[in-house]
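Report on the following structure.
2 protein chains.
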Amino acid sequence: MLVLITYDVSTTDSAGQRRLRQVAKTCLNCGQRVQNSVFECIVDAAEWTSLRLRLLELIDPEQDSIRFYQLGNQYKNKIEHVGTKSSLDLEGPLIL
Amino acid sequence: MLVLITYDVSTTDSAGQRRLRQVAKTCLNCGQRVQNSVFECIVDAAEWTSLRLRLLELIDPEQDSIRFYQLGNQYKNKIEHVGTKSSLDLEGPLIL
Chain V
128 MLVLITYDVS
138 TTDSAGQRRL
148 RQVAKTCLNC
158 GQRVQNSVFE
168 CIVDAAEWTS
178 LRLRLLELID
188 PEQDSIRFYQ
198 LGNQYKNKIE
208 HVGTKSSLDL
218 EGPLIL
Chain U
128 MLVLITYDVS
138 TTDSAGQRRL
148 RQVAKTCLNC
158 GQRVQNSVFE
168 CIVDAAEWTS
178 LRLRLLELID
188 PEQDSIRFYQ
198 LGNQYKNKIE
208 HVGTKSSLDL
218 EGPLIL
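Written as structure tokens, this is what we have:
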């Protein structure tokens with residue numbers, strides 16, 4: 128299933144920048160960064176439980192906001208992109 | 128239905144800041160700002176067609192990225208928020 132993760136963090140201080148880097152690194156293990164603080168992760172239920180807990184450890188809930196959107200398995204026709212940085216097809220064939 | 132709109136724009140220049148303000152203002156007509164550049168809009172099909180066109184007029188596709196996610200009508204159990212700035216229930220009773 129696809130989980131969309133949007134993360135709002137102040138990057139005016141170095142601690143916020145570090146949290147954003149850590150969140151990005153964690154999400155990139157199972158997905159892609161489609162915008163600066165928006166990530167799409169393909170996970171099964173067990174992976175999602177683990178990923179969610181890890182993210183909640185990384186963020187500062189007093190300062191940051193993180194939102195999770197469950198897009199399910201039939202997500203391809205639910206997403207439209209316009210502009211720069213179009214995303215990869217995570218489940219498509221890898222062409223080198 | 129709920130449409131999630133994520134907008135990636137450089138706000139280091141005043142033109143980018145202006146575009147973000149315009150996108151925010153447009154989205155706030157039919158929804159709420161849940162993060163700095165993430166908006167949730169409740170629209171029917173006709174309203175969505177109109178909103179989408181308006182947003183595509185506002186952004187600069189050479190510099191910005193905008194993504195639309197269709198969450199459908201049964202969206203309430205698909206969204207989780209952690210941290211600051213929890214969002215309003217757009218369809219709940221208005222308590223003054």
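These protein sequence lines map, in sequence, to chains V and U. If you use our numbering, the first sequence corresponds to residues 128 to 223, in order. If you use our numbering, the second sequence corresponds to residues 128 to 223, in order. The beta-carbon is built from N, C-alpha and C at its ideal position, and this holds for glycine as well.
- Judged by pairs of C-beta atoms under 8 Å, the segment 199-207 of chain U does not touch the segment 145-157 of chain U, as fewer than three such pairs exist.
- By the CB criterion at 8 Å, G158/V and D191/U fall outside the cutoff.
- Across the segment 176-208 of chain V, CB contacts with chain U closer than 9 Å involve R179, L182, L183, I186, D187, P188, E189, Q190, D191, S192, I193, R194, F195, Y196, Q197, L198, G199, Y202, N204, K205, I206, E207 and H208, in sequence order along the chain.
- With its beta carbon at least 8 Å from every one in chain V, L155/U lies outside the interface.
- Annotated three-state conformation of S141/V is helix, per DSSP.
- In the three-state reduction of the DSSP assignment, V150/U falls in the helix class.
- Ranked by how close their Cα comes to the Cα of N156/V, the residues C168/V, A173/V and R145/V have C168/V in first place.
- Chain-ordered listing is empty here: chain V has no CB closer than 7 Å to the CB of T138/U, the nearest sitting near 11 Å.
- Taking 8 Å as the threshold, the shortest C-beta distance from V150/U to chain V does not fall below it.
- If only uninterrupted beta strand (DSSP E) runs of at least 3 residues are considered, those enclosed by the segment 162-198 of chain V are 165-169.
- The C-beta of R145/U has fewer than 16 other C-beta atoms within 10 Å across all chains shown, which makes the residue exposed.
- For D135/V, the residues of chain U that pass the 9 Å Cβ criterion are V161, Q162, N163, S164, V165, G210, T211 and K212, in the order they occur in the chain.
- For L131/V, the chain U residues whose Cβ falls inside 7 Å of its Cβ are Y196, in order along the chain.
- Remark: C-beta atoms of V165/U and T176/V do not approach each other more closely than 8 Å.
- A direct Cα-Cα distance of roughly 22 Å separates M128/U from I193/V.
- Counting along the chain, Y134/U sits inside the beta strand (DSSP E) bounded by residues L129 to D135.
- Pairing E189/V with L182/U, the inter-Cα distance amounts to about 32 Å.
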